[in-house]
Structures are given as structure tokens and as C-alpha cells.
Amino acid sequence: MNTSFTSTIRQRVEGIETMPAIPAVFLPLLKMLGDSAEEVNVDEVVRLVSYDNTIAAQCLRVASSPLFGLAQLPRSIKGAVMSLGVRRVETILLTCCLGQAFPAEKWALDPEVFWRHSLGCAMVCRKFSEKLIAVDAEKAYMAGLLHDLGFMVNCLVFPKEFAATMERACQQGIPLHEAELATMGFTHCETGQALAEKWKLGDDVVEVIGHHHAVEQCQKAQPLVALVHLSDLLCRMRGLGYGYYERHKVDLISDPAWAILLKEHRELEGMDLVRFTFELDEAVEDIHALVSTVFGSAPATA
Amino acid sequence: MTIAPQPAAAPLTPRKGAETVDPVYRQIRDLVYKVSGIYKAEEKLYLLADGCGRRMKQLNARTPREYWDVLTAQPGRDGELRHLLNEITIGETSLFRSQPQLDALRKVILPEIVAEKTKQITKRLRIWSAGCSTGEESYTLAMNMLEESERLLKGWTVEILATDLNDRSVEAAKAGIYGDYALRNTTDYFKRKYFTTIDEKKLQVRPEVKKLINFSRLNLQDDSKMLFMKGMDLIFCCNVLIYFDGASKSKVINHFFTNLNFGGYFFLGTSESLMKLNEQFHLVHFPGTIAYWKPSLSSGKL
Numbered sequence: 010m011n012t013s014f015t016s017t018i019r020q021r022v023e024g025i026e027t028m029p030a031i032p033a034v035f036l037p038l039l040k041m042l043g044d045s046a047e048e049v050n051v052d053e054v055v056r057l058v059s060y061d062n063t064i065a066a067q068c069l070r071v072a073s074s075p076l077f078g079l080a081q082l083p084r085s086i087k088g089a090v091m092s093l094g095v096r097r098v099e100t101i102l103l104t105c106c107l108g109q110a111f112p113a114e115k116w117a118l119d120p121e122v123f124w125r126h127s128l129g130c131a132m133v134c135r136k137f138s139e140k141l142i143a144v145d146a147e148k149a150y151m152a153g154l155l156h157d158l159g160f161m162v163n164c165l166v167f168p169k170e171f172a173a174t175m176e177r178a179c180q181q182g183i184p185l186h187e188a189e190l191a192t193m194g195f196t197h198c199e200t201g202q203a204l205a206e207k208w209k210l211g212d213d214v215v216e217v218i219g220h221h222h223a224v225e226q227c228q229k230a231q232p233l234v235a236l237v238h239l240s241d242l243l244c245r246m247r248g249l250g251y252g253y254y255e256r257h258k259v260d261l262i263s264d265p266a267w268a269i270l271l272k273e274h275r276e277l278e279g280m281d282l283v284r285f286t287f288e289l290d291e292a293v294e295d296i297h298a299l300v301s302t303v304f305g306s307a308p309a310t311a
Numbered sequence: 004m005t006i007a008p009q010p011a012a013a014p015l016t017p018r019k020g021a022e023t024v025d026p027v028y029r030q031i032r033d034l035v036y037k038v039s040g041i042y043k044a045e046e047k048l049y050l051l052a053d054g055c056g057r058r059m060k061q062l063n064a065r066t067p068r069e070y071w072d073v074l075t076a077q078p079g080r081d082g083e084l085r086h087l088l089n090e091i092t093i094g095e096t097s098l099f100r101s102q103p104q105l106d107a108l109r110k111v112i113l114p115e116i117v118a119e120k121t122k123q124i125t126k127r128l129r130i131w132s133a134g135c136s137t138g139e140e141s142y143t144l145a146m147n148m149l150e151e152s153e154r155l156l157k158g159w160t161v162e163i164l165a166t167d168l169n170d171r172s173v174e175a176a177k178a179g180i181y182g183d184y185a186l187r188n189t190t191d192y193f194k195r196k197y198f199t200t201i202d203e204k205k206l207q208v209r210p211e212v213k214k215l216i217n218f219s220r221l222n223l224q225d226d227s228k229m230l231f232m233k234g235m236d237l238i239f240c241c242n243v244l245i246y247f248d249g250a251s252k253s254k255v256i257n258h259f260f261t262n263l264n265f266g267g268y269f270f271l272g273t274s275e276s277l278m279k280l281n282e283q284f285h286l287v288h289f290p291g292t293i294a295y296w297k298p299s300l301s302s303g304k305l
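Heads up: the sequence lines are chains A and B, in that order. Residue numbers for the first sequence follow our numbering, so the first one is 10 and each next one is one higher. Residue numbers for the second sequence follow our numbering, so the first one is 4 and each next one is one higher.
Now the structure itself:
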């Protein structure tokens, strides 16, 4: 991509100060997510979650979803933090914050479809990392949730161009990033990266957002970027894509990202990918339910 | 810190049936998967429970735990497991059983095969329905190929071989007469175009569809006969190998690999896995379905 494109994107992204109201806890939360688990203070997390009553109530509901593992509705935020752990509660809070930050409007990419894909990818990243040794599952979740941030930027900042992109992708059944390149000359990876840098998201997440379609090109956190890349592909093949039929086959094991991940995680060799796929299908219904609760057009507290 | 009572914080709807299922059924699910490769997803556990229930009645087993003891006392496919497999796959026989498979076939695979073979003089497509039972799958494939005969497959010859071990099944398949249950997924469009009415409840496949298919009896374990099944572009073998033990299954799959042309595909049932019985096939994902691919010579993936 040439430099004039880059500067145009940066300028436009800089201009999105006036995004739909970002909850007050969002930026402190992002900062906290960058800290290591040992540094995070439980009371601080409880304070952040409790800051906004709507978000707090939503967090409790999300925590009781089958996807997050609490069989019963937790009675208090602190109770939820104690049973789920600080990191998981942080990711729940992040999920709810994003739902609040970008209300459902008329987007070229249907917001519900977008959130289903993002949340689906977050879940798959977490499940996937649980199959591997010594991978921070909550960090993988966060990376999955945010990887396509650039589509939000595109919808907000380049609505016309992106609508044309969507049309091309649907008509030809090609992956969205290919349609972006053909139509706009840049992709959600660049716009997402610009916003991620503006928000000062951690380096690893910035890498994921910028390179999840070109894993070989990333400098840092390659295994995490590879994990998100593979989870993204899997979601798109299992009903959690962008709402249209992608006319191509996906050979995950021959994908360069698989080799990159395998280099760090030999245990990947023993993974039963078909069973993993079937297990992912089980979560699809829960993801739909969660998305209509957190991101749906109906008021979250209704 | 405890926040005020949250009237809004009702838990998300639990997954249908999953919460109430006896945990023994998860053990049975895992055993069935390990031995046969059939995976019953969490939300379909009630189907597995129904199947087990019918077997329990037959055997006078009072609890799922008692039934588990029967299953594990004779874990081979000649034992109780065979009856259970029959119970849980019996409802899966119908025309148009898996739309995602048909979509992958028409939207991705056929264009790919046609492009690959475009330089060949004889434009011929060979499909094998291995373990065709009473013909539902074979006719579904034939009708879908006929739909493409004026488009992608214009000027092509399509041959479908349909084989089964059971003579009676082969005879029933040749007759091509189906009732409501087998036709429950068949649209009016296909019913009108490719069937004639026999009576109020039964339709028969038209001769022009039958013309595409050659039905015969074949034992997949007959090595000498298997060697003759050459030059296939597509092989479908749904819910057949689940009854085979590991060694026999592996042998049949190796035959299938040889029987396929380079660039050909092998499909199993929708909830069935090859597990790791063959390292030569590439596991590939299409939207909503998986298949096994024998890489084409031009793909560089052999």
C-alpha cells in the first residue's frame, strides 16, 4: 500500500473521536488488559465492572452463559470474579463494553453478523488455545474478539467504499479482505491497526489486527496471530462468517499459519480437528443467544 | 462490593436439552466417537439419549449407567454398539440430506474439477456412492448433476456408480420409490421436475434420472473388486464405515484414495470423522461441511 493511502487512513481514523459513546471504563480496561495477570488487582476489576450499572448487569448475564462456564447467575460481581478469575471477567467486561460502544445501526456489514463472527472467533481462539500448552486463553479470546476491529472503522469512516466492497464480496463469493483490496486498495487490517494504535492496545493485539490475513509478515507474536488466523477461517466455514457464501475450500493443515503454530506447539499434531469442528458447532447456538443479548438491537436490560 | 439487585439479570436461556441430560450420555457419546467416528453434538445428545432409551427397553436396562455397562461389556461392533449405531443413524436417510455438501459440490468443487479437466479430451465425471443403501443419496446427486447439465457440465458425461452390500437395498434403490419421510427435505421444484406420482403417498424417480446411475452389489471389503473401481472424481460413503473396525476401515479408505483421481474428493456423513486413519487425504472445510481431498497434480500439495 502506498504512503498516501496510509496517511489518509490515519487521518480519517484520527477523526473518529466522535464514535458512538465509548463506555467510561473502556480505556482503563484496555490498559489493565495489557498488564500481566499477577499485576491486576481484584478490587480494581470489581470497581471497573460495577462502574456502570447497565454494563454490570450485562456482565453477570454473560457470565452465566454456557460459553463462560458459570452454571448459575452469580450473585455479585465479586462472586463472579472469584469463581471465574480476574482475566475471564476482564474479557467479559470487554465483550460488554464493545457491545455498548457500537450500537446496532445501518452498517454495510450487519452488526449482528459482525459480532457473531467476532465473538465466535474469540470463543474458538479460547477453545483452540486450551488444546495447546502454555497459551494465555483469555488473551487469545481478546485477540479473537478484536481481530476485525477494522471492519467497524470501515463501516464508520468509509461507508460508501465499504458498501461496494460488501456487494462485490457477496456477488463473487470471495473473502472480504480480497474484495477490500480490489475495491478500496486497502483492507480492514490497515484501518483496524490504525485504530488499535490510537487506542494504545497492546503490541500483540495490534499485530493480530494488522496481520491476521498475512501471518508470515508479522514481526511479533506470530503464534498468536496464527491462532487467530486459523480460528477466523474455521468460524467462516462453520456458520459464523460474514453472512454470505464464500466459494472456496479451506485446508487448515496446509495453511502456513498451521506450520507457524506447530513450530511452537508440537502438541498440535495430535489434535483431532474434525472433532474440534463438531465441538465448535455446539457453541454456535450459544453465540447467537449471547450476541442478541449483548449486541442486539433490543435494549440489553429489557 | 455488591451491586444493587439486578432485575435485568436473568440468565441466558440454557441450551435445549443439554442441561438435563444424564452425564453418562456424554460418556456414551465419547465411546461411540472413539469406536465409530460418529459425533453427536451436545445439542443433539437427546437424540443419542432417545436411541439409547429404545435399546434400554429392549435389554431391560433400567438406567443409562446399566446400559453403559452393557455397552462396555461388549465394546466391539458385533456387540450392542452396532444396534446403537443403527438407532442413532436411522433417521438420517433421506434425499437432500445435507444441503451444505450439495452447495460445496456445486459451488466450489464442480467448478474446480471442470477447470482442472478442461484440457482433457473426454469430459467425463465419475461419482461413486459407496454404501448407497436404498438410493436416496445417489438420486440426490444425479438430480443435482442434471441441474448443472446446461451450465457447468454442458457437454459432459456424468456416471454415478451406486453400490451396496445388501441385495434388497440395491433392488429398492433401483425402484426409486419414496414416501414422505424420505422426501421431507426435497423441495417442490425437485419433486415436480424429477418424480412421477405413484399414489397419494409415494413418488417415483423419473427414468432420465435413473439413466445416470448404475446400481450394483459390492462388498467394500472385497479387495479384488475394490481395485476395479478406478477413475472416480467423487466418492460418497456416508454412515457406512462406522460399522467397520479400525483395520478394515483403514483398508477401505486406502482403496478410496487409490480409486480417486488426483483432485478428487471423498465425503463422509455429516457428523462422521475419518479421525487419523489416512495421512494422504487432506482434510478440507467448505461452508458448513468437511471433505477429504486427494490433491491435484497442479496444487503442489501431494
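Idealized CB from N, CA, C, for every residue including glycine.
- prompt: Within this structure, are the beta carbons of residue 182(A) and residue 251(A) separated by less than 9 Å?
  reply: no
Cβ-based burial, residue 174(A) [other Cβ within 10 Å; buried from 16]: buried
- prompt: For residue 46(B), which residues in chain A fall below 8 Å Cβ to Cβ?
  reply: 291 and 294
Within 9 Å, strictly: CB atoms of residue 36(A) and residue 211(A): no
- prompt: Using 9 Å as the limit for Cβ to Cβ distance, is residue 188(A) near chain B?
  reply: no
query: Is the CB of residue 286(B) under 9 Å away from at least one CB in chain A?
result: Yes, contact with chain A.
- request: Can you have a look at residue 200(A) and say buried or exposed, based on whether 16 or more other CB atoms are within 10 angstroms of its CB?
  value: buried
query: If we ignore side chains and look at the alpha-carbon of each, how far apart do residue 42(B) and residue 48(B) end up?
result: 10 Å
field: Buried or exposed (CB count within 10 angstroms, at least 16 for buried), residue 234(B)
entry: exposed
Rounded C-alpha distance that separates residue 156(A) from residue 70(B): 47 Å
message: Tell me which residue opens and which closes the alpha helix (DSSP H) that residue 269(B) is part of.
response: Here residue 269(B) belongs to no alpha helix (DSSP H); instead the beta strand (DSSP E) covers 263 to 270.
- request: Report the residues of the stretch 262 to 279 of chain A with a CB closer than 7 Å to any CB of chain B, ordered along the chain.
  value: 262 and 263
query: For residue 159(A), is the classification buried or exposed, using 16 other Cβ atoms within 10 angstroms of its Cβ as the cut-off for buried?
result: buried
- prompt: What in chain B is Cβ-close to residue 281(A), meaning under 8 Å?
  reply: By Cβ distance, chain B contributes 276, 278 and 279.
query: Closest Cβ-Cβ distance between residue 291(B) and chain A: below 9 Å?
result: yes
task: Please list, in chain order, all residues of the same chain as residue 86(B) whose beta carbon is under 7 Å from its beta carbon, the five residues on each side excluded.
output: 58
- prompt: So, residue 242(A) versus residue 261(A), is the Cβ gap smaller than 9 Å?
  reply: yes
query: Of all the options 296(A), 22(A), 276(A) and 59(A), which has the alpha carbon lying nearest to the alpha carbon of residue 87(A)?
result: 59(A)
field: Interface positions of the stretch 105 to 126 of chain B facing chain A (Cβ-Cβ less than 9 Å), listed along the chain
entry: 106, 107, 110, 111, 112, 114 and 115
task: Note the first and the last residue of the continuous alpha helix (DSSP H) segment covering residue 297(A).
output: 282 to 303
- prompt: Which one of 118(A), 69(A), 75(A) and 229(A) has the shortest CA to CA distance from residue 103(A)?
  reply: 69(A)
- request: Tell me whether the beta-carbon of residue 203(A) lies closer than 9 Å to the beta-carbon of residue 217(A).
  value: no
task: Mind reading off the beta-carbon distance from residue 237(A) to residue 129(A)? Whole number of angstroms is fine, and I expect it under 8 Å.
output: Rounded, the Cβ-Cβ distance is 12 Å, inconsistent with contact.
query: Taking residue 295(A) as the reference, which of 189(A), 191(A) and 125(A) has the closest Cα?
result: Closest option to residue 295(A), judged by alpha-carbon separation, among 189(A), 191(A) and 125(A): 125(A).
task: Between the Cα of residue 247(A) and those of 82(B), 170(B) and 104(B), spot the shortest distance and give me the residue it belongs to.
output: 104(B)
- prompt: Assuming residue 222(A) contacts residue 196(A) under a Cβ cut-off of 8 Å, what Cβ separation, rounded to an integer in Å, is found between them?
  reply: 7 Å
Inter-residue spacing [alpha-carbon to alpha-carbon] between residue 21(A) and residue 44(A): 29 Å
message: I believe residue 213(A) touches residue 239(A) by the beta-carbon criterion, under 8 Å. Please report the beta-carbon distance rounded to the nearest angstrom.
response: Going by Cβ atoms, the distance from residue 213(A) to residue 239(A) rounds to 16 Å, so no, they are not a contact pair.
task: Could you name the residues of chain A that residue 36(B) contacts, counting a contact when the two beta carbons are closer than 8 Å?
output: 284
- prompt: Are the C-beta of residue 18(B) and some C-beta of chain A separated by less than 9 Å?
  reply: Its pLDDT being 48, under 50, residue 18(B) is placed unreliably by the model, and the measurement read from it follows with that caveat. It does: the Cβ of residue 18(B) has a partner Cβ on chain A nearer than 9 Å.
- prompt: Can you tell which of 66(A), 272(A) and 109(A) has its C-alpha closest to the C-alpha of residue 89(A)?
  reply: 66(A)
- prompt: Rounded to a whole number of angstroms, what is the C-alpha to C-alpha distance between residue 28(B) and residue 194(A)?
  reply: 53 Å
query: Whose C-alpha, out of 283(A), 140(A), 79(A) and 150(A), is nearest the C-alpha of residue 288(B)?
result: Among 283(A), 140(A), 79(A) and 150(A), the Cα nearest to that of residue 288(B) is on 283(A).
- request: Identify every residue that forms a DSSP beta bridge with residue 202(B).
  value: Answer is 205(B), bridged to residue 202(B).
task: Quick one: which residues of the stretch 221 to 250 of chain B get their C-beta closer than 9 Å to a C-beta of chain A? List them in chain order.
output: none
field: In DSSP terms, what residue 41(B) is bridged to
entry: 275(B), per the DSSP bridge assignment.
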